[in-house]
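In full-length UniProt numbering, the protein residues as written are 87 to 525. Below is one structure; the comments refer to it alone.
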Ligand code: GDP
Ligand code: MG
């Protein structure tokens with residue numbers, strides 16, 4: 087998916103803004119990439135529609151290239167598609183929380199049971215597992231072994247008792263043991279079939295569960311959509327757990343579940359170990375799909391700070407060499423607001439990382455500069471040339487700000503250097519070549 091999307095961004099190289107016409111090609115690439123990642127067609131259609139609408143409506147942000155903007159829009163639509171926020175497990179307000187796990191055979195239900203009780207244990211919640219998969223004796227043994235591994239009790243009643251009856255008895259047992267949570271493992275088939283659904287419905291009736299979670303193998307791809315839809319219609323689910331995300335999954339299942347069922351993915355499994363279960367974070371997943379975390383944070387920062395108007399005005403001043411101490415101050419303050427320009431530069435690919443010590447130094451010297459500019463007269467601020475020419479004025483500023491004359495001279499020199507550097511910086515943001523100043 088990542089490489090497919092990359093060709094979408096590449097189509098925008100050299101463009102100035104996103105328009106109705108120039109997004110056609112990239113949108114086609116995005117569409118293809120999603121379909122190749124096994125996202126179902128209706129989901130892809132709606133997604134492409136939503137992104138196109140936003141892309142055309144978005145204004146120009148100085149310093150952010152159209153392809154970066156499109157990455158950002160696609161990212162936020164991906165997050166939305168996957169439900170936006172993290173969706174926590176629900177717990178019963180009073181009494182026991184009952185979690186029923188359902189899903190096809192081999193998707194990882196039994197493993198999830200144990201992982202989930204381990205996950206809850208870390209949160210200080212006690213839990214009990216119930217073995218209601220009566221079709222394979224090995225399935226019961228497997229749950230018992232996993233239960234031992236994570237140190238939680240497992241209720242079993244052999245293979246002769248009906249699953250709904252096992253569920254009922256298991257619940258009783260958990261009540262006696264004063265467990266916080268009961269997790270019920272059920273049987274899966276290779277395909278959705280009627281008797282499995284009937285059995286699940288019966289188990290559900292017997293339990294009145296707080297959560298009914300459909301366990302979905304992330305490798306399922308397209309079929310995930312149909313699977314989730316069917317389970318939701320037939321038995322009613324409250325969410326899904328995506329397993330085997332550590333594998334060679336193309337991401338399609340993650341993108342379809344929410345859209346087709348309206349139900350969130352609550353947890354993901356990323357491996358066979360007991361600790362490999364974690365909450366599902368839509369924004370991280372979107373970032374992973376795009377593989378472009380750096381660009382995303384850069385665009386966000388730039389949006390926050392560089393309002394288009396401000397930037398344009400500033401650029402005019404720089405180009406006409408009118409950049410004065412007022413601008414300098416404005417600039418250094420907005421730089422401080424940005425958490426320092428150097429940090430942002432570290433995010434731009436190919437610019438190398440800036441160390442925290444360098445950032446601290448930069449912020450400290452910004453403070454010193456501010457205190458000197460603050461004692462300047464309006465005329466001195468507007469005409470840095472005055473200070474450049476007059477040692478007397480520099481002496482006064484040094485005295486009033488409590489800095490040395492040398493520091494004032496440095497500041498003046500810096501402003502003139504700054505004019506040149508700002509020119510370069512605008513060049514970089516516009517995508518031209520330029521050398522990077524260290525603040
Ligand atoms: P069930 O039939 O749905 O109960 O599936 P199981 O829990 O028995 O799991 C089937 C296989 O998938 C087992 O070999 C598990 O170790 C493996 N498995 C389960 N979850 C994950 C996961 O998140 N990542 C990987 N790599 N393997 C998993
Ligand atoms: Mg099983």
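All residues carry an ideal CB built from backbone N, CA and C; glycine is no exception.
7 Å CB neighbourhood of residue i in its chain, flanking five on each side removed
{"i": "residue 293", "result": "184, 186, 253, 257, 270"}
{"i": "residue 97", "result": "111, 112, 115"}
{"i": "residue 322", "result": "298"}
{"i": "residue 206", "result": "213, 267"}
{"i": "residue 221", "result": "273"}
{"i": "residue 229", "result": "196, 199, 215, 217, 240, 271"}
{"i": "residue 283", "result": "320, 321"}
{"i": "residue 138", "result": "109, 113"}
According to DSSP, residues forming a beta bridge with residue i
{"i": "residue 355", "result": "363"}
{"i": "residue 214", "result": "268"}
{"i": "residue 107", "result": "The partner list for residue 107 (beta bridge, DSSP) is empty, contrary to what the question assumes."}
{"i": "residue 124", "result": "None; residue 124 has no bridge partner."}
{"i": "residue 463", "result": "For residue 463, which the question treats as bridged, DSSP gives no partner whatsoever."}
{"i": "residue 328", "result": "302, 354"}
{"i": "residue 186", "result": "270, 298"}
{"i": "residue 241", "result": "216"}
Beta-carbon separation (whole angstroms), residue i vs residue j, contact threshold 8 Å
{"i": "residue 305", "j": "residue 330", "result": "6 Å"}
{"i": "residue 362", "j": "residue 201", "result": "7 Å"}
{"i": "residue 263", "j": "residue 239", "result": "7 Å"}
{"i": "residue 313", "j": "residue 298", "result": "14 Å between Cβ atoms; not a contact."}
{"i": "residue 267", "j": "residue 180", "result": "Not a contact, Cβ separation roughly 14 Å."}
{"i": "residue 260", "j": "residue 242", "result": "Their Cβ separation, rounded to whole angstroms, is 13 Å, which puts residue 260 and residue 242 out of contact at 8 Å."}
{"i": "residue 136", "j": "residue 337", "result": "Going by Cβ atoms, the distance from residue 136 to residue 337 rounds to 18 Å, so no, they are not a contact pair."}
{"i": "residue 134", "j": "residue 118", "result": "Actually they do not touch by this definition, with Cβ atoms about 10 Å apart."}
{"i": "residue 350", "j": "residue 165", "result": "About 12 Å separates the two Cβ atoms, so there is no contact after all."}
Counted within 10 angstroms of its Cβ, other Cβ atoms place residue i as buried (16 or more) or exposed
{"i": "residue 155", "result": "buried"}
{"i": "residue 249", "result": "buried"}
{"i": "residue 494", "result": "buried"}
{"i": "residue 106", "result": "exposed"}
{"i": "residue 227", "result": "exposed"}
{"i": "residue 236", "result": "buried"}
{"i": "residue 224", "result": "exposed"}
{"i": "residue 347", "result": "buried"}
{"i": "residue 345", "result": "buried"}
{"i": "residue 326", "result": "buried"}
{"i": "residue 354", "result": "buried"}
{"i": "residue 208", "result": "exposed"}
{"i": "residue 280", "result": "exposed"}
{"i": "residue 435", "result": "Because the pLDDT of residue 435 is 37, which lies under 50, any placement of that residue in the model is unreliable, and the number read from its coordinates should be weighed accordingly. Label assigned to residue 435: exposed."}
{"i": "residue 169", "result": "buried"}
{"i": "residue 276", "result": "exposed"}
{"i": "residue 193", "result": "buried"}
{"i": "residue 478", "result": "exposed"}
{"i": "residue 339", "result": "buried"}
{"i": "residue 450", "result": "exposed"}
{"i": "residue 163", "result": "buried"}
{"i": "residue 476", "result": "exposed"}
Identity of the residue in the options nearest residue i by Cα
{"i": "residue 91", "options": "112, 108, 101, 103", "result": "112"}
{"i": "residue 232", "options": "502, 360, 307, 223", "result": "360"}
{"i": "residue 416", "options": "490, 501, 367, 374", "result": "501"}
{"i": "residue 452", "options": "349, 497, 282", "result": "497"}
{"i": "residue 289", "options": "207, 489, 273, 261", "result": "273"}
{"i": "residue 307", "options": "341, 152, 209", "result": "341"}
{"i": "residue 120", "options": "242, 473, 375", "result": "375"}
{"i": "residue 100", "options": "152, 486, 284", "result": "152"}
{"i": "residue 457", "options": "477, 208, 484", "result": "484"}
{"i": "residue 481", "options": "209, 491, 122, 337", "result": "491"}
{"i": "residue 487", "options": "454, 478, 285", "result": "454"}
{"i": "residue 526", "options": "190, 204, 211", "result": "Since the displayed the chain opens at 87 and closes at 525, residue 526 lies outside it and no answer follows."}
{"i": "residue 94", "options": "338, 349, 234, 160", "result": "160"}
{"i": "residue 129", "options": "167, 157, 140", "result": "167"}
Cβ neighbours of residue i in the same chain (closer than 8 Å, five flanking residues each side left out)
{"i": "residue 411", "result": "459, 462, 466, 467, 468, 470, 501"}
{"i": "residue 142", "result": "104, 105, 106, 109"}
{"i": "residue 174", "result": "352, 365"}
{"i": "residue 414", "result": "455, 459, 501, 504"}
{"i": "residue 188", "result": "195, 272, 274, 286, 298, 299, 300, 301, 317, 321, 323"}
{"i": "residue 182", "result": "257, 260, 261, 265, 266, 267, 268"}
Same chain, Cβ closer than 6 Å to residue i, five either side skipped, listed in chain order
{"i": "residue 126", "result": "308, 311, 342"}
{"i": "residue 278", "result": "316"}
{"i": "residue 464", "result": "none"}
{"i": "residue 102", "result": "none"}
{"i": "residue 357", "result": "332"}
{"i": "residue 296", "result": "176, 178, 183, 184"}
{"i": "residue 489", "result": "458"}
Short CB-CB distance (under 8 Å) between residue i and chain D
{"i": "residue 352", "result": "No chain D is present in this structure, which holds just one protein chain."}
Heavy atom of the ligand SAM within 7 Å of residue i beta-carbon
{"i": "residue 332", "result": "This structure simply doesn't include the ligand SAM; it includes the ligand GDP and the ligand MG instead."}
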